[in-house]
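Just so we're aligned: 181 in UniProt numbering is position 181 of the sequence shown, and the numbers increase by one with no gaps anywhere.
Ideal Cβ placement from N, Cα and C applies to all residues, glycine included.
Input: a single structure, listed below in structure tokens.
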Amino acid sequence: MASPSTIVKEAVKETLKGSGAPEDPSHQLSAQSKARFNAHAAKDPETGELYMGPEEFINAIAPETEDYHKIKRDQYSILFRVADNKDRGRLSLADWGVFENLLMKPDAEYEIAFRLFDVDRTGDVKYDDFRRLCELNKGPDNLPFDWDCEWAKLYIGSKKKRHNLNYPQFSQMLRGLQGERIRQAFQLLDKDGDGYIEPDEFARIILETSKHKLSDHLLANLHTLCNITTGSKISYANVRAFQNMIKEMDLVELIVRRAISRSSDGKITRSEFVNEASKVTRFSLFTPMEADILFHFASLDEPSGRLALRDFAKVLDPSWRSPMYDVDEPTAPAAKRSSLLQSVLESTYNFALGSVAGAFGAFMVYPIDLVKTRLQNQRGAQPGQRLYKNSIDCFQKVIRNEGIRGLYSGILPQLVGVAPEKAIKLTVNDLVRGYMTDKQGRIPLSAEIMAGASAGGCQVVFTNPLEIVKIRLQVQGEVAKSVEGAPKRSAMWIVRNLGLVGLYKGASACLLRDVPFSAIYFPTYSHLKKDFFGESPANKLGVVQLLTAGAIAGMPAAYLTTPCDVIKTRLQVEARKGEASYTGLRHAAKTIWKEEGFTAFFKGGPARIFRSSPQFGFTLAAYEVLQTLLPITGGKKEDKMAGVGDVMPTVAKGRSLDSSPFARSRNALKIILDLDEDFGRSKIPDANRWKTLPKAMGGGGAAQ
């Protein structure tokens, strides 16, 4: 087991580097992998070694709080057989690292399926092993499959000349296997040979071959496919067209999105879809029947013929749920309660980590903040009237007169204030941005500015009382040196002395500073990440990139709002004997202009810039490392920007593809489940079948 210090070092290294494409080999045995292993592994009572058995493995890749759609959680045990490549019944940290690295490969889904059927680990799949495992995992009442058909012979040869399949051959066979299953099933159910089957027979075929890939909407309405023609039965052409449509969901989504983006009302007709398809594809890929099928299922709740993105989502998004219930799953209210509880836990988790990380960032740059405050509080226009010449001079005099502790005067209120300030600012910004984002995920610049301004305005409720206490504590040290016998006050004394009204002194200046600061900062930061650094679900930015984006965004935001910060500081600091006392925002601005000139409004400006940038970096670095070392159970931390879903993830919300290890595991299972919906479900085979079950599937390994 790796020591905590080693994990911390590796976590910091990885967060600094960021992550490029998922297949980056540098992810092998990363700090995140170790953290996931350590969080779920059990300890061997004899050796003390950490290991994962099947149950621990399933908990790691398929937490109980996840949403598995049409796949049963116990079916994830299939992947344990792949990860346990030494057939020991347990995984070491090294085994886990190999499996996670496998998940990051671009063709992980097919390679996992290949390794499952490569029973002897030789790099070839034997026909007998493949057929036996498929038959052992087949549902007892499911439609049969003829392994001696002409299609199978083309891939593996006839009985006398059968050959093993290497990885490329096996993958290609899997690609077409589902189509052959559907063909054989149709032929079996078409008992009179007229080329038609009943709607319920079509539904049976799809439920046994494709249920894990389809939405509730499609599954509940499969029988209505007969209505695209005048008859009451379903032809083989209908079945093939349906299969082709669901196989090309990625391309269908692309065409739908492009066509809708060109539409004035966000809706399209069948002819507009077909026209856009002819522009996107090199050849006329979608037949008229395939387009009819897409629009038939998408328009069941909207028969007008002009469909919006949400209508297509019910067809193209496999994670779309029925409003009332889900197929083979608990009722919606129970799932809703579980989802709500998970959301509350994740919000609490994020708030706690954000508070700790924010406090760490504030602590690291606090001396700069103190220097900034003291420079801004200097009165007098002549050099002889000023205690400090510049930032460096102020820093040196604070250490000389007050010691290192003087640099942290008033830090406690600052640390206490970080949590509500960050929570309010980020939450309000996200809420307003979400409300003003359209169905295509676009938000105008004016709305981004309004979201930032709203966030800045709301935070003043918490930050003004805390800042006035912090500022008075920060200047207390220099008062003690200049005024003999000046008492040293505590934070609580200042709060009691000011009272509720006094705690909001300078709030107008605080608003005048924080509203434009956030209005500048949030949109600039968002566009720098996306447009300059290329942030996307597949390209996670490292702390260096985030720090750079934050520093650049913070520079104009911090410097341009310095005049408001100077006025706020002057209003909130208790006036000393002989110094001007300001009655309000306008009076303070006029007095500073008259007595000290225009440049006084930008005192501490450089210090504000140098404080904001590193504080953002320290906070982010701490947040990333804490997430790695303290993962939330059942949380989705691999890709914070990735959504849940496969092809059109909650399309109305515009979320992106999920490339996390959990999603890759699920996608690998989907390819295996193309063989049979019951593959991997718990069974208790009789003695004879158990003996023939290979070791790779937990059996005795006889009859090879």
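Out of E272, A185 and M289, state which residue places its alpha-carbon closest to the alpha-carbon of A308.
E272
Short of 7 angstroms in beta carbon distance, which residues of its chain neighbour W320, apart from the five on each side in sequence? Order them along the chain.
S215, D216, H217, A313 and K314
Could you spell out the range, first to last residue, of the alpha helix (DSSP H) harbouring N238?
Y236 to K247
By how many angstroms is the C-alpha of S261 removed from the C-alpha of L174?
36 angstroms
Just checking: is the beta-carbon of F202 within a distance shorter than 8 angstroms of some beta-carbon in chain D?
Structure shown: chain D not included; a single protein chain is present.
How about the stretch 491-507 and the stretch 429-446: do they share at least three Cβ pairs that are nearer than 8 angstroms?
Short answer: they don't touch.
Verify whether the separation of the beta carbon atoms of R611 and T561 is less than 8 angstroms.
no
Below 6 angstroms CB to CB, which residues in the same chain sit around Q615 once its five sequence neighbours on both sides are set aside?
G361 and V365
Report yes if the C-beta distance between L300 and T224 is below 8 angstroms; otherwise report no.
Closer than 8 angstroms, so yes.
Can you check whether the CB of L511 is closer than 8 angstroms to the CB of I78?
no
Beta-carbon within less than 7 angstroms of N275's beta-carbon, same chain only, minus the 5 sequence neighbours each way: which residues are those?
none
Do F145 and R181 count as a contact pair if the criterion is CB distance below 8 angstroms?
In this structure, the beta-carbon distance from R181 to F145 falls below 8 angstroms.
Pull up the distance between the alpha-carbon of V469 and that of G410, whole angstroms please.
Near 7 angstroms, if we compare the C-alpha coordinates of G410 and V469.
Cβ neighbours of A152 in the same chain (closer than 6 angstroms, five flanking residues each side left out):
Here the set comprises nothing.
Beta-carbon contacts of N221 that lie in its chain and below 7 angstroms, excluding the five residues immediately before and after
F297 and L300
With DSSP as the reference, label A642 as helix, strand or coil.
Below a pLDDT of 50, predicted positions are generally treated as unreliable, and A642, at 31, falls in that range; no measurement from the model is reported.
Any idea what DSSP makes of L177, helix, strand or coil?
helix
Suppose the cutoff is 7 angstroms on Cβ atoms and the five residues either side in sequence are ignored; what does the same chain contact list for I424 look like?
If you ignore the 5 residues before and after I424, its C-beta comes within less than 7 angstroms of the C-beta of C458, Q459 and F462, all in its own chain and listed in chain order.
Could you tell me which residues DSSP puts in a beta bridge with A42?
Y51
So F114 and Y167 are supposed to be a Cβ contact under 8 angstroms. How far apart are they, rounded?
The beta-carbon separation of F114 and Y167, rounded to 5 angstroms, stays under the 8 angstroms limit for a contact.
With a Cβ-Cβ cutoff of 8 angstroms, do I552 and L528 count as a contact?
yes
Is the distance from the Cβ of L93 to the Cβ of D84 below 8 angstroms?
no
Between which residues of its own chain and residue 705 is the CB-CB distance below 7 angstroms, once the five residues before and five after are set aside?
Since the displayed the chain opens at 1 and closes at 704, residue 705 lies outside it and no answer follows.
Quick test of your reading: L188 and L136, contact by CB under 8 angstroms. State the CB separation rounded to the nearest angstrom.
L188 to L136, Cβ: 21 angstroms. No contact.
Taking the CB atoms as reference points, tell me whether R36 and A60 lie closer together than 8 angstroms.
yes
Roughly how many angstroms separate the alpha carbons of K389 and F517, rounded to a whole number?
27 angstroms
For L415 and A519, the rounded distance between their alpha carbons
24 angstroms
With a threshold of 6 angstroms on Cβ separation, who are the neighbours of Y110 within its own chain once the five nearest residues in sequence on each side are excluded?
Cβ within range, chain order: S171.
Quick check on DSSP: helix, strand or coil for L165?
Of the three classes helix, strand and coil, the one that applies to L165 here is strand, per DSSP.
Measure from the alpha carbon of R183 to the alpha carbon of each residue in D438, C394, N401 and C149, then state which is nearest.
C149
Among all the DSSP beta bridges, which residues are the ones paired with Y196?
S235
What distance in whole Å lies between the Cβ atoms of R81 and L116, which are believed to be in contact at a cut-off of 8 angstroms?
6 angstroms
Residues bridged to I268 by DSSP?
L307
Going by alpha carbons, who is nearest to E467 out of W593, P413, M289 and Q178?
Cα-wise, what sits closest to E467 is P413.
Is DSSP giving L387 helix, strand or coil here?
coil
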